Structures are given as C-alpha cells and as structure tokens.
Amino acid sequence: MARIFSGIQPTGIATLGNYLGALRNWVALQQSGDECIYCLVDMHAITTFQNPAALRQQTYTMAALLLACGINPEQSIIFHQSAISAHARLGWIFNCVARMGWLNRMTQFKDKAGKDREAVSTGLFVYPNLMAADIHAYHATKVPVGDDQLQHIELANDIAEKFNHDFGVSFFPRIEPLILKETARVMSLRDGTKKMSKSDPSDQSRINMTDDADMISQKIRKAKTDTDPLPDNLAALAERPEARNLLGIFAAISGEAQEAILARFAGGGFGPFKNALAEALVAHVEPIVRRTRDYLTDTAELDRVLQAGAAKAAAIAGPITDEAERIVGFLPRG
Ligand code: TYM
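The numbering of the sequence shown is this note's numbering, which starts it at 32 and goes up by one.
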C-alpha cells in the first residue's frame, strides 16, 4: 500500500480548476487501496496576508467542499496543516537543505512576486520547502496535483535526495506526481492562455465551486471564444485555446470523449455548445454547492472531523519527523 498526500490552500474559493485538476482525483483515489491524506494548507495560505476571520471561514469552506465532493473522513485523513507541528519542524530542516539557486528558479514564485520581489514575505520564497516537508513528513510517494505544482514536486525530490546524500541515509523516498492529463491545467474563461485561478481579479475568469446555477450559466455564456464554427476534429483546435479549454471542461464534466462532443456540435457556432456545457456543469456542480452549504451549517462538526484527522496525521508525521531530527543531530524530544 502506497501513501498518497496532497494539499489545497484555503485562500479564496476553490475553482473548477482545483476541482477538475485535483479534487475529483483525490476522491477517486480513495478507491485505489492506497492510504489517502488530504491537507488544508493554512500555513501556506499566510505566505500572502490573509484576514484572520476570512482565513478561518475559508478553511471551513474548503473542509466543507472536500466533504461535499466525496472525501470520506472514515476512508481518508483530512486535516488542517497548522494543527501538526511536524510540518513546520521538517520545513525548517528543509530550509537548511534546499539551495537559494533552486528556489530562485521556481516559476510560481516569480509569477506571484512579479515586480514586487523585495516586498513579498520570505515565507513565499521558502514555500516549496514547506510543501516538500508536507509530503515527506508522511513518507508519501504519490501526490495528485495539477501541472502547476510539477516544479515544486521536482524540488521536493531534489531536497530529499540532498538530505539522503548529506546524511548518508536513504530516509526519504522519491515521490511521483499523479496528474490527470486531460485537466492538468484548466484555463481562464477570459483568456485561454492563462490558468484558471482563485486569485484572478476577474470573477468572470473562473467557475467557483460555490457559484449557483445562474452564475455558472452566465459565465459560460460570456466565456471568451472565437468566431469560427466548431470543427469536427481535435487537431483543428490546436491554435484555438479558448475553444479547446471549454471542450476539455465539457469532456471532463460529462465523461464523454472530446471527439464525440465535437461530432455533435461540429459546423455550428458556440451558442448551442455553450448551452449544453452550462447545463452539464450546473448538473454536476450544483449538488456539490448545495452539500457544501449544508456542511457549513455545522462548524463544530467540521472542527471535530479536522481534529480527528489531525490526530491520525500526527501519529504518522510525528515519528518520521522525530527520526529526521535525530538524523540531523538534534537531541531527543523526550
Ligand atoms: P493550490 O491551492 O493552488 O491548488 C490546489 C490544487 O488544484 C490544482 N489546480 C489546478 N489544476 C488544474 N487547472 C487549474 N487551473 C488549477 N488550479 C489549481 C493545483 O495544481 C493543486 O493540485 N502548493 C499547493 C498546495 C500544497 C500541496 C502540498 C500540494 C501545499 N503542500 C503538498 C500537494 C502536496 C497549492 O498551492 O495548490
């Protein structure tokens, strides 16, 4: 049995990109026979300033969404990162293993920091070290993510390799990303060359996993497309990123092959295609939105689920992190 670990930041509201790129795979993997550990990474969230009350609310909302999507706390471990000190302890050791040059190459840091490099938090810079600690504290070997996390996972492998090499051990295993090819990168509804993101200033650029039926339909109707009719083959979409993105979403949501969808709409404009896509999205997303709302009415129960998950997670991550500290040369914790 392998161990699977993944995380999501409770910043903003989860998007359809989070859902199709990661969350639905988290749910599916519960049937894989592997042990699944899913984490609300609130410590990562504060690498950019979060209003404390909003962070608490967003963490509850994310927990409710995970349950609404089908994460079963009897089957999977679900918890919030800050509940377990192992993440910070191992994260610190990894701060001392990773090299400045490695972090300087992280494209996500460059994108997030932009021209503001001198003013962003130091936490944002060392963020990938904490992410490596999240995974390695559990000796997890499989990590289901969207492809924007690939570089961070490669870095986590580099850190493990250097740790093992520096201390002459084979303590941390190699990890493997699990990426759903078709939805590895769901794109913005306003710009087919940009990732759909919780932090995009335009709400029209994304479907939020809290949007109601009217909002979903309206956003799909207004989604950017081009003026050509839909073609009858995938190759003809190579240079049409917006159409390709909508077709990818349609296929992922309906479970139908992209070619079969094209065959139905080829030769026509985007109107009927968008109507059918909106209908399929509403049918899929609306029940999740409703269940999320239900779970959110009982935050005491969400606390109970997360704290029970944290106790199970600590029982795994604690001893592994103790051993990492022993390898480094720290005295026993007692
Ligand atoms: P985060 O919170 O940005 O996103 C959570 C997951 O959603 C995926 N994702 C997407 N997939 C496809 N298309 C999109 N447009 C899209 N947007 C987001 C992300 O790839 C991710 O899988 N650093 C991570 C959180 C993290 C983590 C970890 C993940 C912290 N520690 C350990 C795995 C293992 C992040 O910021 O994800």
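We put the CB at the ideal spot given by N, CA and C, even for glycine.
Bear in mind that the values here come from a model prediction, so they are computed numbers and not experimental data.
Would you tell me roughly how many angstroms separate the C-alpha atoms of residue i and residue j, rounded to the nearest one?
{"i": "P175", "j": "A94", "result": "18 Å"}
{"i": "D329", "j": "D197", "result": "48 Å"}
{"i": "R216", "j": "N56", "result": "14 Å"}
{"i": "T90", "j": "Q289", "result": "35 Å"}
{"i": "L60", "j": "R321", "result": "23 Å"}
{"i": "A99", "j": "K141", "result": "34 Å"}
{"i": "D231", "j": "I44", "result": "11 Å"}
{"i": "N188", "j": "T323", "result": "35 Å"}
{"i": "I247", "j": "Y50", "result": "15 Å"}
{"i": "N135", "j": "E317", "result": "41 Å"}
{"i": "K225", "j": "T79", "result": "21 Å"}
{"i": "A297", "j": "Q81", "result": "46 Å"}
{"i": "E149", "j": "N160", "result": "19 Å"}
{"i": "G360", "j": "R120", "result": "14 Å"}
{"i": "L54", "j": "L97", "result": "7 Å"}
{"i": "R357", "j": "M32", "result": "26 Å"}
{"i": "A309", "j": "L220", "result": "13 Å"}
{"i": "P204", "j": "E354", "result": "14 Å"}
{"i": "L327", "j": "I319", "result": "12 Å"}
{"i": "A266", "j": "R335", "result": "50 Å"}
{"i": "K253", "j": "A346", "result": "49 Å"}
{"i": "A291", "j": "F36", "result": "34 Å"}
{"i": "A331", "j": "W123", "result": "32 Å"}
Mind checking who residue i pairs with in its DSSP beta bridge?
{"i": "G38", "result": "C70"}
{"i": "M137", "result": "The partner list for M137 (beta bridge, DSSP) is empty, contrary to what the question assumes."}
{"i": "F110", "result": "C70"}
{"i": "N239", "result": "T46"}
{"i": "L121", "result": "Partner(s): none; L121 has no beta bridge."}
{"i": "P175", "result": "L209"}
{"i": "M218", "result": "K226"}
Which residue from the options puts its Cα closest to that of residue i?
{"i": "I115", "options": "I351, I358, S248, F361", "result": "I351"}
{"i": "D73", "options": "N135, M162, L60, G48", "result": "M162"}
{"i": "V313", "options": "K229, L327, Y69, I280", "result": "I280"}
{"i": "D179", "options": "D165, M218, L265", "result": "M218"}
{"i": "S107", "options": "W133, S63, T79", "result": "S63"}
{"i": "T138", "options": "P104, E185, K173", "result": "E185"}
{"i": "S236", "options": "E213, L211, N276", "result": "N276"}
{"i": "L261", "options": "I347, A274, Q249, H315", "result": "A274"}
{"i": "M293", "options": "P83, N306, L278", "result": "Going by the sequence as given, residue 293 is Leu instead of Met. The candidate whose alpha carbon is nearest that of L293 is L278."}
{"i": "I251", "options": "K305, A267, W133", "result": "K305"}
{"i": "Q40", "options": "V58, S113, A266, R295", "result": "S113"}
{"i": "Q249", "options": "A342, M131, A307, E270", "result": "A307"}
Would a C-beta distance cut-off of 8 Å place residue i and residue j closer than the cut-off?
{"i": "M227", "j": "T92", "result": "no"}
{"i": "V151", "j": "N126", "result": "no"}
{"i": "R34", "j": "Y169", "result": "yes"}
{"i": "A344", "j": "F202", "result": "no"}
{"i": "G300", "j": "K255", "result": "no"}
{"i": "C70", "j": "G38", "result": "yes"}
{"i": "H118", "j": "A164", "result": "yes"}
{"i": "A171", "j": "I210", "result": "no"}
{"i": "E104", "j": "G340", "result": "This sequence places Pro at residue 104; Glu is not what is there. Their beta carbons are under 8 Å apart, which means P104 touches G340 by this criterion."}
{"i": "I190", "j": "A129", "result": "yes"}
{"i": "I77", "j": "G154", "result": "yes"}
{"i": "I284", "j": "A244", "result": "no"}
{"i": "K173", "j": "T42", "result": "no"}
{"i": "G52", "j": "G177", "result": "yes"}
Would you say the beta carbon of residue i comes nearer than 7 Å to a heavy atom of the ligand TYM?
{"i": "Q180", "result": "yes"}
{"i": "S37", "result": "yes"}
{"i": "M162", "result": "yes"}
{"i": "D165", "result": "yes"}
{"i": "A348", "result": "no"}
{"i": "T138", "result": "no"}
{"i": "N49", "result": "yes"}
{"i": "G52", "result": "yes"}
{"i": "G141", "result": "Correcting the residue type first, residue 141 is Lys in the shown sequence and not Gly. Result no, Cβ not under 7 Å from the ligand TYM."}
{"i": "A6", "result": "Outside the displayed range of the chain (32 to 365) lies residue 6, so it cannot be described from this structure."}
{"i": "M227", "result": "yes"}
{"i": "V336", "result": "no"}
{"i": "G340", "result": "no"}
{"i": "V320", "result": "no"}
{"i": "R216", "result": "yes"}
{"i": "G43", "result": "no"}
{"i": "H111", "result": "no"}
{"i": "G177", "result": "yes"}
{"i": "V174", "result": "yes"}
{"i": "H170", "result": "no"}
{"i": "H315", "result": "no"}
{"i": "Q62", "result": "no"}
{"i": "D151", "result": "One detail in the question is off: residue 151 reads as Val in this sequence, not Asp. Checking the Cβ of V151 against the ligand TYM gives no."}
Is any non-hydrogen atom of the ligand ZN found closer than 7 Å to the C-beta of residue i, if you look at the structure I gave you?
{"i": "T328", "result": "In the structure on display, the ligand ZN does not appear, and the ligands it does have are the ligand TYM."}
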